[in-house]
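Residue numbers (my numbering), protein chains in the order written: chain H, 37 to 177; chain B, 347 to 509. By construction, the Cβ of each residue, glycine as well, lies at the ideal position given by its N, Cα and C atoms.
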């Protein structure tokens, strides 16, 4: 049984060695000539501008997700509309089912309030927004 | 500079270590693909299965951080020259440059009237090997890379410079 633990110990030891020995070797023999250009952020040769810490509002996420779904829907709708006359009733029913599925999704996000930019149904807990209620929000919006 | 680099007097052990390091460096120079024009097609052909650069240890990298050799393949315009310079600076040492084709070497067909073309990439970065041709065949590029390997092998990374 102790043999088994020995195997694990050797495994861990070799794991550490195989990481740190190459790092040590490169410390010893690799040339190290830093300069401002080399230390700059790699942006395909362009001068990097501004900070990478740009913050996006999290509300864009849901909007982008919904946009993506209906974007794809339109991609399917266009070729169907072009050959609408030749395809006949069956294709119309199929497309109606497809649209219905997506409209159910749209109704769901609408009901949840994800389409509103200002969220009315957020529950504010304790803290600096505790005095905000949904009634307050409604009167503002 | 590395801790041990250029720190030792020339003797048997240092010379053998130099040889080992030169062998290791010369047999795996990953190249930074800098395809700018039609030479890039030949560079891709060299990396593809018929000519297969990986059999001599050359591996295409898309980031200068991972590359040892920059193959400038194609016409270097004035605007691109700034980027060539910057990307060369961003490569990790030791670094080498191959000027592939007559455009990168001297401006090529644009040497007289090409107002927007840099007349040779050696005006902005130090070039180790020039590969002639317009564009050079993959065999010519491989010849250039073998010449570069010879050059890397003759370097003495550990020996103190006598100058």
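If you draw a straight line from the C-alpha of residue i to the C-alpha of residue j, how long is it?
i, j, result
"residue 121 of chain H", "residue 136 of chain H", "21 Å"
"residue 373 of chain B", "residue 410 of chain B", "18 Å"
"residue 47 of chain H", "residue 61 of chain H", "21 Å"
"residue 175 of chain H", "residue 428 of chain B", "Summary for residue 175 of chain H: the model assigns pLDDT 47, below 50, so the residue's position carries little reliability; its value from the coordinates is reported in the next sentence. Using only the alpha carbons, I get a separation of about 57 Å."
"residue 488 of chain B", "residue 480 of chain B", "15 Å"
"residue 80 of chain H", "residue 433 of chain B", "8 Å"
"residue 469 of chain B", "residue 457 of chain B", "14 Å"
"residue 362 of chain B", "residue 498 of chain B", "15 Å"
"residue 442 of chain B", "residue 53 of chain H", "31 Å"
"residue 128 of chain H", "residue 104 of chain H", "23 Å"
"residue 415 of chain B", "residue 451 of chain B", "16 Å"
"residue 386 of chain B", "residue 378 of chain B", "12 Å"
"residue 92 of chain H", "residue 100 of chain H", "12 Å"
"residue 439 of chain B", "residue 107 of chain H", "47 Å"
"residue 142 of chain H", "residue 109 of chain H", "12 Å"
"residue 148 of chain H", "residue 133 of chain H", "23 Å"
In chain H, which residues lie with their C-beta within 8 Å of the C-beta of residue i?
i, result
"residue 411 of chain B", "78"
"residue 435 of chain B", "71, 73, 74"
"residue 367 of chain B", "65"
Three-state secondary structure (DSSP) at residue i?
i, result
"residue 92 of chain H", "coil"
"residue 416 of chain B", "strand"
"residue 471 of chain B", "coil"
"residue 406 of chain B", "strand"
"residue 57 of chain H", "helix"
"residue 446 of chain B", "strand"
"residue 476 of chain B", "strand"
"residue 43 of chain H", "helix"
"residue 421 of chain B", "coil"
"residue 97 of chain H", "helix"
"residue 154 of chain H", "coil"
"residue 451 of chain B", "helix"
Below 7 Å CB to CB, which residues in the same chain sit around residue i once its five sequence neighbours on both sides are set aside?
i, result
"residue 355 of chain B", "506"
Leaving aside the five residues before and after residue i along the sequence, list all residues of the same chain whose C-beta is less than 6 Å from its C-beta, in chain order.
i, result
"residue 84 of chain H", "77"
"residue 64 of chain H", "none"
"residue 177 of chain H", "Interpretation of residue 177 of chain H is limited by its pLDDT of 42, a score under 50 that renders its predicted location unreliable; the figure taken from the coordinates is listed afterwards. 154, listed in sequence order."
"residue 486 of chain B", "477, 479"
Which bits of chain H does residue i rub up against, with CB to CB less than 7 Å?
i, result
"residue 503 of chain B", "65"
"residue 429 of chain B", "81"
Check whether the Cβ atoms of residue i and residue j sit closer than 7 Å, and answer yes or no.
i, j, result
"residue 503 of chain B", "residue 392 of chain B", "no"
"residue 454 of chain B", "residue 419 of chain B", "no"
"residue 494 of chain B", "residue 474 of chain B", "yes"
"residue 437 of chain B", "residue 413 of chain B", "yes"
In chain H, what lies closer than 9 Å to residue i by C-beta?
i, result
"residue 432 of chain B", "73, 76, 81, 82, 83"
Apart from the five residues on each side of it in sequence, which residues of its chain come closer than 8 Å, Cβ to Cβ, to residue i?
i, result
"residue 145 of chain H", "98, 102, 151"
"residue 88 of chain H", "77"
"residue 376 of chain B", "404, 405, 406, 407, 412, 413, 414, 415"
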